[in-house]
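In this text, residue positions in the sequence shown follow the UniProt record's numbering: the first is 1, and each later residue adds one.
Positions of the beta carbon are idealized from the N, C-alpha and C atoms, including for glycine.
In this text the structure is predicted, and so the values were computed from the model without any measurement.
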Amino acid sequence: MTTRQHDASVYEQIQGEERFQELKRRFRSWAFPMTAAFLAWYLLYVVLSAWARDFMSIKVLGNINVALIFGLLQFVSTFLIAWAYSRYAEKKLDPVADEIRHEVEGRTE
Numbered sequence: 001m002t003t004r005q006h007d008a009s010v011y012e013q014i015q016g017e018e019r020f021q022e023l024k025r026r027f028r029s030w031a032f033p034m035t036a037a038f039l040a041w042y043l044l045y046v047v048l049s050a051w052a053r054d055f056m057s058i059k060v061l062g063n064i065n066v067a068l069i070f071g072l073l074q075f076v077s078t079f080l081i082a083w084a085y086s087r088y089a090e091k092k093l094d095p096v097a098d099e100i101r102h103e104v105e106g107r108t109e
């Protein structure tokens with residue numbers, strides 16, 4: 001029981017530290033705008049599919065229409081966001097998270 005209380009107090013202390021708050025700020029400053037941008041892009045696709053059927057049915061190449069291209073671009077944008085996040089995390093988040101993790105491991109040993 002004392003180990004759990006000790007672990008909880010260590011984690012509560014870490015959460016209050018400036019580095020942890022900076023880590024959360026960095027994560028949120030990337031994740032929230034990117035999430036909003038992706039949701040806007042997705043909702044544009046849905047709205048155009050529902051209310052701009054003439055535009056979405058325009059044939060671009062053979063039987064490939066605008067709707068199909070937009071749908072495929074949803075997948076492309078998802079993979080690009082995942083790739084961009086992994087690069088961002090590697091440069092901006094992981095170094096700080098590693099420092100915090102090593103500090104926590106040192107406190108709990």
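Span of the alpha helix (DSSP H) around Leu61: For the purposes of this step, residue 61 is taken as residue 61 along the sequence shown, with counting starting at 1. Counting along the chain, Leu61 falls outside any alpha helix (DSSP H), though it belongs to the beta strand (DSSP E) covering Lys59 to Leu61.
Residue 117: first and last residue of the uninterrupted alpha helix (DSSP H) it sits in: Since the first and last residues shown for the chain are 1 and 109, residue 117 lies out of range.
Which listed residue (Phe38, Phe70 and Ser9) has its alpha carbon closest to that of Ala82: The count along the sequence shown starts at 1 and reaches residue 82 at position 82. Ala82 has its Cα closest to that of Phe38, out of Phe38, Phe70 and Ser9.
One or two residues paired with Ile64 in a DSSP bridge: Here residue 64 refers to the residue found at position 64 of the sequence shown. Leu61.
Cβ contact check for the segment 96-108 and the segment 61-70: 3 or more pairs under 8 Å: no
Beta-carbon proximity of Tyr88 to Trp41, cut-off 7 Å: Your numbering for residue 88 matches position 88 in the sequence shown. Your numbering for residue 41 matches position 41 in the sequence shown. No, they are not a contact pair.
Arg107 vs Val47 beta-carbon contact at 7 Å: Here residue 107 refers to the residue found at position 107 of the sequence shown. Here residue 47 refers to the residue found at position 47 of the sequence shown. The answer is no: Cβ separation not under 7 Å.
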